[in-house]
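**Student:** Each step along the sequence shown adds one to the number in this note's numbering, with nothing skipped, and position 178 is 247.
Just so it is clear, CB atoms sit at the ideal spot from N, CA and C, and this is done for glycine as well.
Since the structure is predicted, the reported quantities are computational estimates derived from the model, not experimental observations.
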Amino acid sequence: MTADPARDTDVAAPAATPPASAVTDSAGDRRAPDAGPPGDAPGILGRGYRALTLGIISVVSLIAFEASAVNTAMPVAARALHGIGLYAFAFSAFFTTSLFAMALAGEWNDRRGPLAPLFTGIGAFGAGLVIAGAAPTMVLFVAGRGVQGLGGGLVIVSLYVVVGRAYPERLRPAVMASFSAAWVLPVIVGPLAAGSVAEHLGWRWVFLAIPVLVLLPLAVMLPALRALPREAPGPRGGLGAVLRSRRALLALAVAAGAWLLQYAGGHLTPYAVLPAAAGLALLVPAVRLLLPRGTFRAARGLPTVVLMRGLAAGALVAAESFIPLLLVSERGLSATLAGLSLTGGGLTWALGSYVQSRPGCEPHRERLMGVGMAFLALAIAAVPLVLSDAVPVWTVAVAWTLGGFGMGLNISSGGVLLLKLSRPEEAGANSASLQMADALGNVVLVGLGGALFVAFGGGSPTTPA
């Protein structure tokens, strides 16, 4: 799951008008302020927000289904394309290109608003699915996953900016909870459907059936998105200006560095130190400039939020990337049953996100992130136990229900805190930092998992299994 990605978690205005709660602040940026008492104000499905909320939930649901389906179908696809050694690359390619796209999306959103980057991202995401689904080789399959990553990076940052611009602060925890709720049905149905499709119709249809389904939610969201302000106070210009900026060069350095680290992790030879050193030389300075100052020393406020989100998302995706493969190869489960082991985590993720959305949790939001991290750590620690035949395979499912609840607390609370700590003109850049931390954690920890997989005889990126 991407974190996420990962996974984690009321009526749009009439077609030509902004949401009813939108106003213009002194800086000229149309915002959604807090309304009166909650009992007198509309919720996220109220008259001023319904279409936008339903459109967002639909898009997130389709992305969630794709993520759940890919985790289940990936072992089948890798074997069919004789590319089990590139298994980790199929995941890290997505997250590596996401890093680059996220950095672009932040500045692009701040300059021009979320409409263009959101629609561009959805188009790229669909194109990547088509490339992967039609790929004749594992190399082209990995390339398709990379195109998907570009789209995914643009989409997730843009959705956060939409939430920040369209909803008042009191509604944002509920919107974040709806993100998580949008994962529930896909997480339940996705692994079973993907496993069945892969076994009976072929793994390619897991990828090729999704792109056309995004058209309807886009049409539902479009009027409300057009009504949002296109610009916030700050630099002007479109995608061309963003591509010429220093931030784009830094993002490219991060993506290249992350890819080199992944390559080194999959080639456990003395020569691997060269790409690893080059990757670190590119990655570390660029990340320090792109993320909020003080992130790596857990400075109070936004830096700590970004750091904790990155660690949680990376740990979760690394584990979920290899759990189905472990259960299929070491315990002899089918792809369908292996995928179902992750289902409980999706349900409790939504539950954790719902808990954090309750008004009584607002004063304790920072503490909720820490509690969520602790639950996730316990769940991941339990997974290797199933390598022993004496441990029942359902141990993974039980552990993942605990980990999912922790992620619901952590991810949703982190998103709410980020928007609360961001000025209007910084919402895109800060949302990009949060999502980049997620993706960077994914790349590094999935790469580490790939290295361990190769080290323990799972295959080599240069030798098809």
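Is the beta carbon of residue 221 sitting closer than 8 Å to the one on residue 161?
**Tutor:** No, the pair does not count as a contact, with Cβ atoms beyond the cut-off.
**Student:** Note the first and the last residue of the continuous alpha helix (DSSP H) segment covering residue 495.
**Tutor:** Residue 495 -> no alpha helix (DSSP H), and no H or E assigned at all.
**Student:** Once the 5 residues before and after residue 199 are set aside, which same chain residues still bring their CB inside 8 Å of it?
**Tutor:** Cβ neighbours of residue 199 beyond the five flanking positions: 213, 276, 277 and 280.
**Student:** Do you know how far the Cα of residue 444 is from the Cα of residue 424?
**Tutor:** Computed Cα separation, rounded: 15 Å.
**Student:** For residue 285, does the count of other Cβ atoms within 10 angstroms reach 16, so buried, or fall short, so exposed?
**Tutor:** Result: exposed.
**Student:** Quick one: what does DSSP say residue 415 is sitting in, helix, strand or coil?
**Tutor:** In this structure, residue 415 counts as helix in the three-state DSSP scheme.
**Student:** Could you tell me which uninterrupted beta strand (DSSP E) segments, each at least 3 residues in length, are contained entirely in the segment 465-519, listed from first to last along the chain?
**Tutor:** Runs found: none.
**Student:** Please tell me whether residue 371 and residue 490 are closer than 8 Å, where the distance is taken between their beta carbons.
**Tutor:** Yes; because the gap between Cβ atoms is below 8 Å, this pair is in contact.
**Student:** If you draw a straight line from the C-alpha of residue 150 to the C-alpha of residue 507, how long is it?
**Tutor:** Going from the Cα of residue 150 to the Cα of residue 507 covers about 29 Å.
**Student:** Should residue 493 go down as buried or exposed, given a rule of 16 or more other Cβ atoms within 10 Å for buried?
**Tutor:** Counting Cβ neighbours within 10 Å, residue 493 comes out buried, since at least 16 surround it.
**Student:** If you run the structure through DSSP and keep just helix, strand and coil, what is residue 458?
**Tutor:** If DSSP states are grouped into helix, strand and coil, residue 458 belongs with coil.
**Student:** For the candidate residues 374, 470 and 354, whose alpha-carbon lies nearest to that of residue 324?
**Tutor:** Nearest of 374, 470 and 354 to residue 324, Cα basis: 354.
**Student:** Determine the contact status of residue 134 and residue 255, defining contact as a CB-CB distance below 8 Å.
**Tutor:** Their beta carbons are under 8 Å apart, which means residue 134 touches residue 255 by this criterion.
**Student:** Given residue 332, which residues of its chain have a CB within under 7 Å of its CB, disregarding the five upstream and five downstream residues?
**Tutor:** Once the five neighbours on either side are set aside, the close Cβ partners of residue 332 are 344.
**Student:** Suppose you measure from the CA of residue 411 to the CA of residue 505; what does that come to, to the nearest Å?
**Tutor:** If you take the alpha carbons of residue 411 and residue 505, they lie about 24 Å apart.
**Student:** For the alpha helix (DSSP H) that residue 384 lies in, which residues bound it at each end?
**Tutor:** Note, residue 384: alpha helix (DSSP H), 371-400.
**Student:** Rounded to whole angstroms, what is the Cα-Cα separation between residue 498 and residue 321?
**Tutor:** Roughly 16 Å between the two C-alpha positions.
**Student:** Whose C-beta lies closer than 6 Å to the C-beta of residue 466 among residues of the same chain, with five residues either side of it excluded?
**Tutor:** So the list reads 410 and 413, once near-sequence residues are dropped.
**Student:** Could you round the C-beta distance between residue 415 and residue 475 to whole angstroms and report it? I think they count as a contact, below 8 Å.
**Tutor:** Not quite, the Cβ-Cβ distance comes to about 13 Å (not below 8 Å), so this is no contact.
**Student:** How close, in whole Å, do the beta carbons of residue 327 and residue 509 come, if the pair is a contact with beta carbons under 8 Å?
**Tutor:** Confirmed, about 7 Å.
**Student:** Alpha carbon to alpha carbon, how far is residue 477 from residue 420? Give it in angstroms, no decimals.
**Tutor:** Cα to Cα, the separation comes out at about 7 Å.
**Student:** Would residue 146 pass as a contact of residue 211 if the rule is Cβ separation under 8 Å?
**Tutor:** Against a cut-off of 8 Å, the Cβ pair of residue 211 and residue 146 comes out as no contact.
**Student:** List, from N- to C-terminal side, the alpha helix (DSSP H) runs of 4 residues or more that fit wholly inside the segment 251-280.
**Tutor:** Listed in chain order, they are 273-277.
**Student:** Since residue 111 and residue 294 should fall inside the 8 Å C-beta cutoff, what is the C-beta to C-beta distance between them, to a whole number of angstroms?
**Tutor:** Not really, about 19 Å apart at Cβ, beyond 8 Å.
**Student:** Between residue 319 and the rest of its own chain, which residues show a CB-CB distance below 6 Å, the 5 nearest in sequence each way excluded?
**Tutor:** Contacts found: 355, 358 and 359.
**Student:** So, for residue 397: in the same chain, excluding its five sequence neighbours on each side, which residues have a beta-carbon less than 8 Å away from its beta-carbon?
**Tutor:** Result list for residue 397: 144, 403, 404 and 407, in chain order.
**Student:** In whole angstroms, what separates the C-alpha of residue 378 from that of residue 483?
**Tutor:** Cα to Cα, the separation comes out at about 7 Å.
**Student:** Here's the rule I'm using: 16 or more other beta-carbon atoms within 10 Å means buried, otherwise exposed. How should residue 179 be labelled?
**Tutor:** That one is buried.
**Student:** If you measure between the beta carbons of residue 227 and residue 187, is that distance less than 8 Å?
**Tutor:** It is a contact, given that the beta carbons lie within the stated cut-off.
**Student:** Classify residue 41 as helix, strand or coil using the three-state DSSP reduction.
**Tutor:** The requested residue 41 is not part of the displayed model; the chain covers only 70 to 534.
**Student:** Taking the continuous alpha helix (DSSP H) assigned at residue 436, which residues delimit it?
**Tutor:** 434-451 is the extent of the alpha helix (DSSP H) around residue 436.
**Student:** Could you check what DSSP says for residue 316 in three-state terms: helix, strand or coil?
**Tutor:** DSSP places residue 316 in helix when its eight states are reduced to three.
**Student:** Can you give me the Cβ contacts of residue 363 inside the same chain, cut-off strictly under 6 Å, excluding the 5 residues immediately before and after it?
**Tutor:** Within the same chain, residue 363 has close Cβ partners 372.
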